[in-house]
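Quick note, the working numbering runs 16 ahead of the 1-based positions in the sequence shown. Beta carbons: idealized from backbone N, C-alpha and C, even for Gly. This structure is a prediction, so every number in the text was calculated from the model and none was measured.
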Amino acid sequence: MISRSQHKPTKQRAPVLTPASLAFLADLKNNNNRAWFAANRKRYEAARAEFIQLVDALIAGIAHHDPRLLELDPSECVFRINHDTRFSHHKEPYKVHFGAFITDRGRKVNRAGYYFHLEPGACLVAGGLYMPPAPELQAVRRAILANASALRNIIGQKKFVAAFGKELPGVKLKTAPRDVPKDHPDVDLLRLKSFEVYCNLPDRRVLAANLVKTATDYFVTMYPYVVWLNRALERGK
């Protein structure tokens with residue numbers, strides 16, 4: 017694990033992803049088979065090492081606001097590149113992207129956090145709570161019913177709207193949830209089945225020297241939203 021001695025990001029040059037990482041993923045998309053992957057394993061390992069270094073820098077940046085993240089091992093936040101093809105419609109053996117989910121309890125939890133997605137032409141920063149199982153979804157809905165204004169104050173902030181839009185983009189029910197009147201004043205929030213926010217990043221921004229600052233700024237903007245969601249989950253237990 018890469019250690020971090022303080023919460024505040026240093027003034028040293030931020031880790032930068034190189035075009036080689038994007039090139040590897042682009043080539044993998046066109047050659048998604050085990051023989052090609054084995055022949056290009058060194059390229060994969062180099063790209064993954066760069067991505068882990070990026071994730072470590074992102075953890076350090078957001079830990080300035082959320083110190084609970086400080087001791088996270090960045091490699092434990094990164095998803096495996098192998099597809100589990102047993103129960104999936106994806107039959108290719110490998111994902112064609114790198115992804116990392118950062119929470120105060122690791123990546124394998126039903127909890128709100130921060131996500132970075134590296135894929136040529138489809139990079140993004142995201143966060144929140146993606147398609148939660150029924151117990152977690154009900155906990156969030158109960159929190160909305162109890163005090164929707166607190167959530168609206170967060171997602172209505174000018175900086176939040178500028179970064180992620182006026183409406184939460186998650187999948188919604190076609191109508192109000194069961195036991196909720198269709199004319200409920202917060203039905204727009206209660207219809208949500210997923211509570212993520214995101215912003216697409218062009219490849220040129222991903223390869224820029226200020227990538228860590230760019231992504232961290234988005235994470236800082238969504239931080240109050242992530243906190244609200246996790247408090248809703250904790251109260252719902």
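Terminal residues of the beta strand (DSSP E) in which residue i lies
i	result
Y214	211-217
Whether residue i touches residue j by CB criterion (8 Å)
i	j	result
L184	V213	yes
A13	L134	This structure does not reach residue 13, given that the chain is present from 17 up to 253, and the question cannot be answered.
I78	F235	yes
L205	P193	no
L227	R221	yes
N126	P109	no
R50	A159	no
Residue i classed as buried or exposed, judged by whether at least 16 other C-beta atoms fall within 10 angstroms
i	result
P9	In the structure displayed, the chain extends from 17 to 253; residue 9 sits before or after that span and is not available.
D100	exposed
V187	exposed
E61	exposed
A63	buried
Euclidean distance between Cα positions of residue i and residue j
i	j	result
F176	I170	8 Å
W244	D195	24 Å
T26	G172	Only weak support is given to the placement of T26: the predicted model assigns it a pLDDT of 45, under 50, and the value that follows is read from those uncertain coordinates. So the alpha carbons of these two residues sit roughly 31 Å apart.
S19	E87	Reliability of the predicted coordinates at S19 is poor, the pLDDT of 48 falling under 50, and the value obtained from them is presented with this limitation in mind. Near 7 Å, if we compare the C-alpha coordinates of E87 and S19.
N48	S37	16 Å
A150	C139	29 Å
F67	L33	7 Å
Boundaries of the alpha helix (DSSP H) in which residue i is found, first to last residue
i	result
I97	Looking at the DSSP string, I97 is not in any alpha helix (DSSP H), and its letter there is neither H nor E.
L44	35-46
A73	57-79
V177	174-180
L206	203-206
Rounded Cβ spacing between residue i and residue j (contact assumed at less than 8 Å)
i	j	result
L44	V112	5 Å
M238	G143	4 Å
A128	L145	4 Å
P136	L41	6 Å
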